[in-house]
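Numbering (my numbering), first residue to last: 827 to 1161.
Please read the structure below before turning to the comments.
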Amino acid sequence: MSIKKITQIFALDPWELTEADILTVLQTPWQVLAPYARSLAEAHKGRHVFVRGLVEFSNICRRNCRYCGLRFQNKNLHRYRLTQEEILQAVACARQAGVDTVVLQSGEVPCAAWLGEVVRQIKSQFNLPVTLSVGEHSAEDYALWRDAGADRYLIKHETADAALYAALHPGHSLQERLRAIGTLQHLGYEVGGGFMIGLPGQNLAILARDILLCRDLRLSMIGAGPFLAQDDTPLAGERNGTTEMTLRTMAALRLANPEANIPATTALATLDAQNGQANGLWAGGNVLMPSFTPPEAAALYTIYDNKNRVSVRNAAAVIESLGMTHPLKMPDSEY
Ligand code: 5AD
Ligand code: SF4
């Protein structure tokens, strides 16, 4: 690694970047990359941090992703679904705190009409963009939610390697996932995607392709967090992704996607409670996603172990410590 080489790569247009360039970046310490990534982020996104309010409304899921604690075959988990009133209450808290959008997230289950009604309620009661993150569904269901007022959709490609994708998602393919992303974009959603870092079976070349795939998909938002082994999954005991590689990846993502919104993920904050979010913003991120899920429910949303809870207070403090701005208003009571 030479500074001259890194300076040259960070001066390239995203569409000129090759896999070799990304590999060079991924082999460079994150502290070297951070000033380049931060200055790109500031040139394209300013010093403002967008804040998404996360509402994890159900942990019920029909899929069996091998890395995730919410997988259908995990019988060690009490399943919940919040009522419409509980969701609206959580959204009211998020609205009051000043978030830019609410993200309604759950496992994947058929819920077209019910969720459409929830979206309609939120849009009529609160003046907020609504983001859905509820997995793969038919074009008809995606269209129904769009008609109900949903503005954005988060759906990660998880890994750009088709064989690894198939191994981690029994019965599913990367191709069908990419088709879902295309359908959502066609329907006019602003689509966010992303992938995991340090998945068992992943290597640097795959990670480089993950980063370039996000560019090629022209995603509005890109979430890339470390894989964290969950005890009740087939990947229990596997090695976790690292903060170092996550931060290198975030810097590379900023380089390849200068206009994208890039969150410092909750998974990164779980690996490094002290500095994860601040380092994520420093390495090119410009979004935080504090949780507004009621605590009893959040404790059951165990996609991975020891999940950190990013609070509004926490998010605001991190952003202010970096001299950046945010839309948050401090609540009188604790969330
Ligand atoms: N480690 C890290 N991230 C995970 N996700 C699911 N399981 C894990 C895990 N064990 C992420 C996936 C998915 C999102 C809901 O959470 O990227 O898209
Ligand atoms: Fe279900 Fe999503 Fe977990 Fe897969 S990652 S098991 S779809 S909640």
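Where is the CB? At the ideal position from N, CA and C, for every residue including glycine.
Please read these numbers as outputs of a predicted model, since none were measured by experiment.
{"query": "Identify every run of the alpha helix (DSSP H) within the region 951-1015, keeping only runs that are complete inside it and at least 4 residues long; order them along the chain.", "result": "965-974, 988-994 and 1000-1012"}
{"query": "Among the residues of its own chain, which have a CB less than 7 Å from the CB of L1039, if the five just before and after it don't count?", "result": "H983 and A986"}
{"query": "Tell me whether N1087 sits in a helix, a strand or coil according to DSSP, three-state version.", "result": "strand"}
{"query": "Taking 8 Å as the cut-off, is the beta-carbon of E984 closer than that to any non-hydrogen atom of the ligand 5AD?", "result": "yes"}
{"query": "Taking the alpha-carbon positions, what's the D1131 to A1125 distance?", "result": "10 Å"}
{"query": "Taking 8 Å as the cut-off, is the beta-carbon of F1053 closer than that to any non-hydrogen atom of the ligand 5AD?", "result": "yes"}
{"query": "Is it the case that the CB of Y893 approaches a heavy atom of the ligand 5AD more closely than 8 Å?", "result": "yes"}
{"query": "For L838, does the count of other Cβ atoms within 10 angstroms reach 16, so buried, or fall short, so exposed?", "result": "exposed"}
{"query": "Nearer than 8 Å: is that true of the beta carbon of E966 relative to any heavy atom of the ligand SF4?", "result": "no"}
{"query": "Could you give the uninterrupted runs of the beta strand (DSSP E) lying entirely in the region 1016-1070, keeping only those of 3 residues or more?", "result": "1016-1023 and 1047-1052"}
{"query": "Is there at least one non-hydrogen atom of the ligand SF4 closer than 8 Å to the beta-carbon of L896?", "result": "yes"}
{"query": "Taking contact to mean 3 or more Cβ pairs, one atom from each stretch, closer than 8 Å, check whether the region 1026-1040 and the region 844-859 are in contact.", "result": "yes"}
{"query": "Measuring from the CB of I1129, is there a heavy atom of the ligand SF4 at a distance below 8 Å?", "result": "yes"}
{"query": "Should the region 865-875 be regarded as contacting the region 897-904, the criterion being three or more beta carbon pairs within less than 8 Å?", "result": "no"}
{"query": "Figure out for me which residue from P1116, L980, C887 and C937 has the closest Cα to the Cα of V1144.", "result": "P1116"}
{"query": "Could you have a look at V851 and say whether DSSP puts it in helix, strand or coil?", "result": "helix"}
{"query": "With distances taken between CB atoms, is the gap from V945 to A974 smaller than 9 Å?", "result": "yes"}
{"query": "Closest by CA to L1045, which one among G1027, I1023 and P1084?", "result": "P1084"}
{"query": "Give the range of the beta strand (DSSP E) segment to which L930 is assigned.", "result": "T927 to S932"}
{"query": "Alpha carbons only, please: which of G1110, A1099 and P1089 is nearest the one belonging to V877?", "result": "P1089"}
{"query": "According to DSSP, simplified to helix, strand and coil, what is V1136?", "result": "coil"}
{"query": "Relative to the C-alpha of L1097, which residue among E934, G1024, Q899 and M1156 is closest?", "result": "G1024"}
{"query": "Taking the beta carbon of W856 as the centre, do at least 16 other beta carbons fall within 10 Å, making it buried, or is it exposed?", "result": "buried"}
{"query": "Residue range of the beta strand (DSSP E) that F883 falls in?", "result": "F876 to S884"}
{"query": "Use the C-beta contact count for S884: other C-beta atoms within 10 angstroms, 16 or more gives buried, fewer gives exposed.", "result": "buried"}
{"query": "From A1123 to E842, what does the alpha carbon distance come to, in whole angstroms?", "result": "45 Å"}
{"query": "Please name the residue, chosen from G1102, G1020, I1129 and A920, that lies closest to L980 on a Cα-to-Cα basis.", "result": "G1020"}
{"query": "Excluding the 5 residues preceding and the 5 following E1070 in the sequence, name in chain order all residues of the same chain whose CB lies nearer than 8 Å to its CB.", "result": "P855 and W856"}
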